[in-house]
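Each step along the sequence shown adds one to the number in the numbering used here, with nothing skipped, and position 66 is 74.
Built from N, CA and C at the ideal position, the CB exists for glycine as well.
These figures come from a predicted structure and were not determined experimentally.
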Amino acid sequence: MTAGHPLRTPSELVDAQLARHDRLAALKEVAARYAVGITPAIANLIDASDPHDPIARQFVPDLRELDSGPEESGDPIGDEAHSPVEGIVHRYPDRVLLKLVNACAVYCRFCFRREMVGPGRGGLSRAGLAAALDYIRSTPQIWEVILTGGDPLMLSPRRLKEVTTELAAIDHLKVIRVHTRLPVAAPEQISTSLVRALRGSKATFVVLHVNHSRELSEGARTAVARFVDAGIPVLSQSVLLRGVNDDVETLGALMRALVECRVKPYYLHHADLAPGTAHLRTSIADGQRLLRGLHGRYSGLCQPAYVLDIPGGYGKSPIGPNYLSADRTIVEDFKGRRHAYPPSRPAD
Ligand SMILES: *Cc1c(COP(=O)(O)O)cnc(C)c1O
Ligand code: SF4
9 MTAGHPLRTP SELVDAQLAR HDRLAALKEV AARYAVGITP AIANLIDASD
59 PHDPIARQFV PDLRELDSGP EESGDPIGDE AHSPVEGIVH RYPDRVLLKL
109 VNACAVYCRF CFRREMVGPG RGGLSRAGLA AALDYIRSTP QIWEVILTGG
159 DPLMLSPRRL KEVTTELAAI DHLKVIRVHT RLPVAAPEQI STSLVRALRG
209 SKATFVVLHV NHSRELSEGA RTAVARFVDA GIPVLSQSVL LRGVNDDVET
259 LGALMRALVE CRVKPYYLHH ADLAPGTAHL RTSIADGQRL LRGLHGRYSG
309 LCQPAYVLDI PGGYGKSPIG PNYLSADRTI VEDFKGRRHA YPPSRPAD
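1) Let me make sure I understand the geometry here. Which of L243, G12, H98 has the alpha-carbon closest to that of Y275?
2) Looking at C-alpha atoms only, which residue of V183, V125, A194, P283 is the closest neighbour of E73?
3) Are there 16 or more other CB atoms within 10 angstroms of the CB of M9, so buried, or fewer, so exposed?
4) Note the first and the last residue of the continuous alpha helix (DSSP H) segment covering S244.
5) Can we say the segment 98-111 touches the segment 59-73, given the rule of at least three CB pairs closer than 8 angstroms?
6) Going by beta carbon distance, what residues of the same chain come within less than 6 angstroms of H217, once the five residues before and after it are set aside?
7) Tell me which residues share the same chain as H303 and place their Cβ nearer than 7 angstroms to its Cβ, disregarding the 5 neighbours each side in the sequence.
8) Under the criterion of a Cβ to heavy atom distance below 8 angstroms, does R99 qualify as lining ligand 1?
9) Under the DSSP definition of a beta bridge, which residues are partnered with P326?
10) Just to confirm, is the Cβ distance from G95 to A140 under 9 angstroms?
11) Since Q206 contacts T172 with CB under 8 angstroms, what's their CB separation in whole angstroms?
12) Identify, in the order they occur along the chain, each residue of the same chain with its Cβ nearer than 7 angstroms to the Cβ of V271, setting aside the five sequence neighbours on each side.
13) Would you list the residues sitting across from S333 in a DSSP beta bridge?
14) Ligand 2 and A193: does any heavy atom of the ligand fall closer than 8 angstroms to the residue's C-beta?
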């Protein structure tokens, strides 16, 4: 259990020695635009003496967030165009996002929903939730519901149970997926009653957002184990971030730590064009080089799919390195050697 309260203002960050006093005025300007939140569990992971600390970089606001480029957008992946009712994003035929709350335990500086999330943003009202559930009920092609937000696990176990009970009664719906950062941000909140609220008649998966192996503290590992032991498989999604995890060793250590926790790495997201996040983004070419580095050096269990959410609402596409040559069917192996497929026939 980590004692203390979350840090929510630049002054609190300065007092906790996570930000410099001479930056206070500028950081207040950042905080007026984008929510700030650092839980005790996350504050404990930060090495304040390291100006390049990969945990601080994800959560401590930065003056560069005030600079927004023309290619950036408050709705970088085009969710709004695919929202038939409040709280639902229906982009792919067989699955929808159900956005229950707009609050999170921590506020990531690179968040693609940074203009929508925050502690004062509320969430779906009771009437809104009823309408969203009606939409799912009346749309038979919906096979999977993805609970997201904000962080859906910010809801009380009792409210979560109400939602999963409603979903359990929908015949055509077979799978519930929960996207969360809470096991890392506030592991003590992954209680027995919370896990029980997710266990139900539908196949349920948790997808954990984690970007650096140090986020998998003892507490986070215990929280993850609670899900897995309860029969809820856990997958991960990470964001490729400059100065946080953009080298092969750091990425490989993260993927190994996840697999050691029985978590299957699922996605490595190319960072979205969220406003004020240019200093945290890499190029796609860098990402592909990193993925090539992972492949062959680390177990197949440690390989996430590198994906880009195409701006404008076109969905996600895998953008990993291509091992096929375009002209003929030549496959490149992980050492860069080329092989014809099918192999040239031996002389008979
Ligand atoms: C990312 C996303 C999903 C889930 O996509 P998967 O590839 O199934 O993980 C579903 N709907 C929307 C709108 C999304 O952005
Ligand atoms: S936890 Fe997720 S939704 Fe919340 S700020 Fe971080 S990236 Fe955004």
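With the structure as the only source:
1) Counted from its first residue, the sequence shown places residue 275 at position 267. Distance from the Cα of Y275 is smallest, within the candidate group L243, G12, H98, for L243.
2) In the sequence shown, counting from the first residue as 1, residue 73 sits at position 65. Of the listed residues, the one whose Cα sits closest to E73 is P283.
3) As a first step, residue 9 must be located in the sequence shown, where it is residue number 1. For M9, the predicted structure reports a pLDDT of 43, less than 50, and the residue's modelled location is therefore unreliable. A value from the coordinates is still provided. Classification for M9: exposed.
4) Translated into the one-based positions of the sequence shown, residue 244 becomes position 236. Per DSSP, S244 belongs to no alpha helix (DSSP H); it is in the beta strand (DSSP E), 242-248.
5) no
6) Here residue 217 refers to the residue found at position 209 of the sequence shown. Cβ neighbours of H217 beyond the five flanking positions: R189, Q245.
7) Stepping through the sequence shown from its first residue, residue 303 is reached at position 295. Counting only residues of its own chain and dropping the five nearest sequence neighbours on each side, H303 has a CB closer than 7 angstroms to the CB of Q311, F342.
8) As a first step, residue 99 must be located in the sequence shown, where it is residue number 91. Checking every heavy atom of ligand 1 against the Cβ of R99, one is found closer than 8 angstroms.
9) Your numbering for residue 326 matches position 318 in the sequence shown. The partner list for P326 (beta bridge, DSSP) reads V315.
10) As a first step, residue 95 is located in the sequence shown; it is residue number 87 there, counting from the start. As a first step, residue 140 is located in the sequence shown; it is residue number 132 there, counting from the start. Against a cut-off of 9 angstroms, the Cβ pair of A140 and G95 comes out as a contact.
11) For this step, residue 206 is matched to residue 198 along the sequence shown. For this step, residue 172 is matched to residue 164 along the sequence shown. At residue 206 the sequence reads Leu, which differs from the Gln that was named. That pair is a contact at about 6 angstroms.
12) On the sequence shown, position 263 is the one that residue 271 refers to. Cβ neighbours of V271 beyond the five flanking positions: L216, V232, V242, L243, S244.
13) Here the question's residue 333 lines up with position 325 in the sequence shown. Beta-bridge pairing links S333 to I338.
14) Taking the sequence shown and counting its residues from 1, the one referred to as residue 193 is at position 185. A193: yes, Cβ under 8 angstroms from ligand 2.
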